[in-house]
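Asks: In the order they appear, the protein sequences are chains A and B. Those letters in the first sequence? Residues 14 to 343, per the numbering used here, in order. Those letters in the second sequence? Residues 193 to 736, per the numbering used here, in order.
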Amino acid sequence: MNGLSALIVVAVLLGTVWLGTGIAGQELLFGVVIPYAAIAVFLLGLVYRILCWARAPVPFKITTSCGQHQSLPWIKANKLESPPDAKWTVGRMALEILFFRSLFRNTKAELAPGQRLIHQSDRLLWLGALAFHWSFLIIFLRHLRFFLEPVPVFVQGLERVDELFQVAVPTLFLTDVVIVAALLYLLGRRFFNPLVRYISLASDYLALYLVLAVALSGILMRYFTRVDLLAVKQLALGLVTLRPAVPEGIGLAFYVHVFFVSVLFAYFPFSKLMHMGGVFLSPTRNMPNDNRKRRHVNPINPEVEVHTYAQWEEEFKDKLEGAGIPLDRG
Amino acid sequence: MATKTPEELLQITYRPPARDWRDPRVDFEAKRGTWSYPGAAKNLEYMGFPNPREWSPTDADWKLPENWKEIIQKGFKDRLGKYRSLQIFMDTCVRCGACADKCHFFLGSGDPKNMPVLRAELLRSIYRNDFTTAGKILGRLAGGRELTEDVLKEWFYYFYQCTECRRCSVFCPYGIDTAEITMFARELMNLVGLNINWVMEPVANCQRTGNHMGIQPHTFKDNVDFLADELEEVTGIKVNPSINRKGAELLFVVPSADYFADPGIYTFMGYLLLFEHIGLDYTLSAYASEGGNFGLFTSHETIKRLNYKIYAEAKRLGVKWILGGECGHMWRVVHQYMDTMNGPADFLEFPVSPLTGTRFENAASTKTVHITEFTSDLIQHGKLRLDPSRNDHRKVTFHDSCNPARALGLLEEPRHVLRTVCNHFYEMPENTIREETFCCAGGAGLGNDENMEMRLRGGLPRGNALRHVRDKHGVNLMACICAIDRATLPPLAEYWAPGVEISGVHELVANALVMEGEADRKTDLRGDPLAGMEAGQNSEDDDA
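Encoded structure:
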């Protein structure tokens, strides 16, 4: 049901761009105005959300330790999983952000005959997630070729690696295959794994559909409808240099692609896609496990009503005396 | 309450029901055995908490304040502004499901709302509906849900069905910590008087008498003296622990269960014998007579109120630093909250072991050292005379308690101690120990009798791992460093792995200690015969 309602949203979006450019010929709207608006919403939304997060203090250091802490010299500390200082915390975060360390730990529990509960390593989700995010990043960077002139060397290098297998014309990018496969896997989990289906909201499907729509329209353009790349670059450069112009005859597939990218950007700050920023700020990961060594200060440490020793002694005075426990006031 | 057999209890499928999870209705009558009784009015009154009254979850009317919705919404908003953790944990979940089968309560019940992701969604759906742009406009389509009385009742059921063990946060790619989410949910519920008595009674007791059990100072002294006598009976050694003594070098703080009930008392006797062995200059306090802190299961403010006594007492007595006993959640509070809330402890000295001269660098600021760190150091420096064969009648495994494992990373110190004082030590399977350890299912105030079915269910993963080493290695004792474990694991072990007893680490230390002038040791601290001392030998190990 949630999967379906998200699909309807995507279908409406597709209909909009098809009507808008294919029928009504609003190339300027879809090629320039909407992308600009989307970027504006993205940037403003992002700044707003990050300000919201940043404004709230971090009252406590609630690090999750996932390994031996640094204590005594003869006990080997696991500094990446239980970082003793800022330097190792950066290492922990890098592992988390670049290689999804925590997801790598994933296990699958199964209740086997004989009342045996078995926890087995299950890295498929880790692999799928890693494949998706890394190919998305590489594809994003490859796209810089459209926005920068001359094309930076690292972008050219990235393309060369991505074209490792020289198959098909134009040469097939590995990441194009990987991202679609990974997205289908992630979507498949939501459809076919009963527990994941149970927890999935419409917005979980929507995020995957949007990225898939971006990927598929891009693939369609590159390998099948063969858009005019020079015209595309002219439009892209126009956008970044703030001298937007719409060249003739780029084709519907391109506008579909740009429109879905725009929707994705505009949707980003208001959705779970903000996990991209959140992962940097997770308080269980981004602080060292050195609580007893370095004091953490809570900017709002409220005064509370306590039961002081004097009050306590007053209340139990007779009993303290009877038991021969020393008193402060005789 | 535990009338179901393990076979009956295990009729679990991990397949969710057809009903949408956003339907909040809970049938409390049908689910007896899986929830805890509400906080008694007298305890709320003592603490000055809102809405004290007599009520039951099975009542149709929970006697909420008229403006309960407004109170919750305001409380929620207020906390979003004060805790970045809450905002981040509300905003970043992608519902990947990695946490789903990591929760002991889900594994033991199959109830999908025990998946950490859904437990958090119970709160998140309200957050989205009331505090996000998308939710305000799109409502249910954006995953929002209106805050109703049924939702609040559902919170009561599921947020008092989380032990704040943090196992899910180890597996979450964003480190989302359900303990944190549960803490906020409980804080919010406390604003309208929804709490459980197994939390509220210890909280009120601790505020008044200084410990969860409500033991008053004269009884405190009686208990300590009684345990010293027991110790003398077994070992022939007379110890004289002091109470509220000014000028002692160390203040020693333990969870009150250690001087209250079996089997914690053997751990307490263990501490006393160890300190006698090394001639430590320490004092106990009848005022700061609780290491644990049920405030952690109530609200941040309550943590601070209860925790206040420890530093205040250390300062009053003029000790140099603080040594802390074997307690799980106590150490979460000591490690992650105490210094921030009630510090800085600048009136204490840098913690240095008076026997070895070791400087406990990792406790430089809080000036509070964990007893297994202290003992590991004694062992490393050869300060203890030990005869580990006195534990030969025990085949021992170690249960990592949630908080020492996942809030401190205190994993090797207790193992170093155990391996030294026992000849037979075996680990449980690797996905069930260290940072992946499974909870006793009785923490966070849930270790009461009326909640027994849920405790046994949640105890399945730990019990299963325990049964595995019992069958494979003949393990007959599971050691731990947590007072809640010692109180709640015995019925669980009896149910899932009969024949295994529960102990603290320092009980085993004391068993092995060779004391100057001791009597001929025929039994361990429990009075069980040592290996080779059994009256009618060979009966015990037959089924191993």
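Each residue gets a CB set at the ideal place from its N, CA and C atoms; glycine is no exception. Remember, predicted model here, so these are calculated numbers, not experimental data.
1) To the nearest angstrom, how far is the alpha carbon of HIS156(A) from that of PRO165(A)?
2) Looking at the unbroken alpha helix (DSSP H) that takes in MET234(A), where does it start and where does it end?
3) Quick one: measure Cβ to Cβ for HIS665(B) and ILE88(A), integer angstroms, because I've assumed they're closer than 8 Å.
4) Using a Cβ cut-off of 8 Å (strictly closer), state whether VAL25(A) contacts chain B.
5) Is the beta carbon of THR297(A) less than 8 Å from the beta carbon of SER361(B)?
6) Quick one: which residues of the stretch 294 to 309 of chain B get their C-beta closer than 8 Å to a C-beta of chain A? List them in chain order.
7) Buried or exposed, going by whether 16 or more other CB atoms sit within 10 Å of the CB of LYS305(B)?
8) Looking at the secondary structure, which residues open and close the alpha helix (DSSP H) in which GLY516(B) lies?
9) Reducing DSSP to helix, strand and coil, say where CYS360(B) ends up.
10) Which class does HIS608(B) belong to by DSSP, given the choice of helix, strand or coil?
11) Reducing DSSP to helix, strand and coil, say where HIS177(B) ends up.
12) Out of curiosity, what's the CA-to-CA distance linking LEU233(A) and ALA266(A)?
13) Report back the beta-carbon spacing between THR475(B) and ARG508(B) to the nearest angstrom; my notes put them in contact at under 8 Å.
14) Where TRP260(B) and MET392(B) are concerned, what is the direct C-alpha to C-alpha distance, given to the nearest angstrom?
15) Tell whether a beta-carbon distance below 8 Å holds between ARG577(B) and VAL706(B).
16) Measure the C-alpha to C-alpha separation of LEU278(B) and ILE373(B) and round it to an integer number of angstroms.
17) Tell me, please, whether the CB atom of PHE376(B) is closer than 8 Å to any CB atom in chain A?
18) Taking Cβ to Cβ, would you say ALA440(B) is nearer than 8 Å to SER434(B)?
19) Can you name the residues of chain B whose CB is closer than 7 Å to the CB of GLN81(A)?
20) Near LYS512(B), which residues of its chain fall below 7 Å by C-beta distance, leaving aside the five closest residues on each side in sequence?
21) Taking only runs that begin and end inside the stretch 182 to 258 of chain A, name each unbroken alpha helix (DSSP H) of 4 or more residues, in chain order.
22) For MET193(B), does the three-state DSSP call read helix, strand or coil?
23) How far does the alpha helix (DSSP H) with LEU669(B) in it reach, from first residue to last?
24) Within this structure, are the beta carbons of SER372(A) and ALA90(A) separated by less than 8 Å?
25) So with Cβ pairs under 8 Å, would you call THR77(A) a contact of chain B?
26) So the alpha helix (DSSP H) VAL30(A) belongs to, where does it begin and stop?
27) Helix, strand or coil, according to DSSP, for THR153(B) in the structure here?
28) For SER148(A), name the three-state secondary structure that DSSP assigns.
29) Going by DSSP in three states, GLU172(A) sits in which element: helix, strand or coil?
30) Can you name the residues of chain A whose CB is closer than 9 Å to the CB of SER568(B)?
31) Just the C-alpha distance for ARG224(B) and LEU570(B), rounded to the nearest angstrom, thanks.
32) Using a beta-carbon distance below 8 Å, is VAL446(B) in contact with chain A?
33) Residues of chain B with CB under 7 Å from PRO207(A), in chain order?
34) Does DSSP put PHE348(B) in a helix, a strand or coil?
35) Quick one: is ARG129(A) near chain B, going by C-beta distance under 8 Å?
36) How would you write the range of the alpha helix (DSSP H) that GLN399(B) sits in, first residue to last?
Replies: In brief:
1) As a first step, residue 156(A) must be located in the first sequence, where it is residue number 143. As a first step, residue 165(A) must be located in the first sequence, where it is residue number 152. Computed Cα separation, rounded: 11 Å.
2) The residue you call residue 234(A) lines up with position 221 of the first sequence. Segment: none, MET234(A) is in no alpha helix (DSSP H) and carries neither H nor E.
3) In the second sequence, the residue the question calls residue 665(B) occupies position 473. In the first sequence, the residue the question calls residue 88(A) occupies position 75. Not really, about 25 Å apart at Cβ, beyond 8 Å.
4) Mapped onto the first sequence, residue 25(A) falls at position 12. With 8 Å as the cut-off, VAL25(A) does not count as an interface residue toward chain B.
5) As a first step, residue 297(A) must be located in the first sequence, where it is residue number 284. As a first step, residue 361(B) must be located in the second sequence, where it is residue number 169. It is a contact, given that the beta carbons lie within the stated cut-off.
6) For the stretch 294 to 309 of chain B, which is checked against every Cβ of chain A, the residues closer than 8 Å are LYS294, LEU299, PRO304, MET307 and VAL309.
7) Along the second sequence, read from residue 1 onward, the residue named residue 305(B) stands at position 113. That one is buried.
8) For this step, residue 516(B) is matched to residue 324 along the second sequence. Unbroken run through GLY516(B) is the beta strand (DSSP E), 513 to 516; no alpha helix (DSSP H).
9) Residue 360(B) sits at position 168 when you count from the first residue of the second sequence. It is helical.
10) In the second sequence, counting from the first residue as 1, residue 608(B) sits at position 416. Of the three classes helix, strand and coil, the one that applies to HIS608(B) here is helix, per DSSP.
11) Chain B is shown from 193 up to 736; residue 177(B) falls before or after that span and cannot be answered.
12) Here residue 233(A) refers to the residue found at position 220 of the first sequence. Here residue 266(A) refers to the residue found at position 253 of the first sequence. Taking the straight line joining both Cα atoms gives about 7 Å.
13) Position 283 of the second sequence, counting from 1, holds the residue named residue 475(B). Position 316 of the second sequence, counting from 1, holds the residue named residue 508(B). No, THR475(B) and ARG508(B) are not in contact; Cβ-Cβ is about 11 Å, not under 8 Å.
14) Counting from one through the second sequence, the residue named residue 260(B) turns up at place 68. Counting from one through the second sequence, the residue named residue 392(B) turns up at place 200. Annotation: TRP260(B) to MET392(B) spans about 20 Å, alpha carbon to alpha carbon.
15) Start at 1 with the first residue of the second sequence, and residue 577(B) comes out as number 385. Start at 1 with the first residue of the second sequence, and residue 706(B) comes out as number 514. Yes. Within cutoff.
16) As a working mapping, residue 278(B) is identified with position 86 in the second sequence. As a working mapping, residue 373(B) is identified with position 181 in the second sequence. Taking the straight line joining both Cα atoms gives about 7 Å.
17) As a working mapping, residue 376(B) is identified with position 184 in the second sequence. Judged by the 8 Å Cβ criterion, PHE376(B) is not in contact with chain A.
18) Locating residue 440(B) in the second sequence gives position 248, counting from the first residue. Locating residue 434(B) in the second sequence gives position 242, counting from the first residue. Result yes, Cβ atoms of ALA440(B) and SER434(B) sit closer than 8 Å.
19) Here residue 81(A) refers to the residue found at position 68 when the first sequence is read from its first residue. Residues of chain B passing the Cβ test: GLY601, LEU603 and GLU604.
20) Indexing the second sequence from 1 puts residue 512(B) at position 320. Excluding positions up to five away in sequence, the list reads GLU441, LEU442, LEU540 and GLU541.
21) 187 to 205, 207 to 212, 215 to 232 and 242 to 253
22) If you number the second sequence from 1, residue 193(B) lands on position 1. In this predicted model, MET193(B) has a pLDDT of only 47, less than 50, meaning its place in the structure is not dependable enough to derive any value.
23) Numbered from its first residue, the second sequence carries residue 669(B) at position 477. Counting along the chain, LEU669(B) falls outside any alpha helix (DSSP H), though it belongs to the beta strand (DSSP E) covering 669 to 672.
24) There is no way to answer for residue 372(A), as the model of chain A reaches only from 14 to 343.
25) For this step, residue 77(A) is matched to residue 64 along the first sequence. Closer than 8 Å to some Cβ of chain B, the Cβ of THR77(A) qualifies, so yes.
26) In the first sequence, residue 30(A) corresponds to position 17, counting from 1. It spans 15 to 30 - the alpha helix (DSSP H) in which VAL30(A) sits, taken as one unbroken run.
27) For residue 153(B) there is no data in the structure shown, the boundaries of chain B being 193 and 736.
28) As a working mapping, residue 148(A) is identified with position 135 in the first sequence. SER148(A): helix per DSSP, three-state reduction.
29) Your numbering for residue 172(A) matches position 159 in the first sequence. Note: GLU172(A) maps to helix in three-state DSSP.
30) Reading the second sequence from its first residue, position 376 is the one you call residue 568(B). Going along chain A in sequence order, the residues near SER568(B) (Cβ under 9 Å) are SER84, LEU85, TRP87 and ILE88.
31) Mapped onto the second sequence, residue 224(B) falls at position 32. Mapped onto the second sequence, residue 570(B) falls at position 378. So the alpha carbons of these two residues sit roughly 48 Å apart.
32) Within the second sequence, numbered from 1, the residue matching residue 446(B) stands at position 254. Chain A contact via Cβ: absent.
33) Mapped onto the first sequence, residue 207(A) falls at position 194. Near PRO207(A) (Cβ distances below 7 Å), the residues of chain B are ARG207 and PRO208.
34) Indexing the second sequence from 1 puts residue 348(B) at position 156. Residue state, collapsed to three classes: helix.
35) Locating residue 129(A) in the first sequence gives position 116, counting from the first residue. Interface residue, yes.
36) As a first step, residue 399(B) must be located in the second sequence, where it is residue number 207. It spans 389 to 401 - the alpha helix (DSSP H) in which GLN399(B) sits, taken as one unbroken run.
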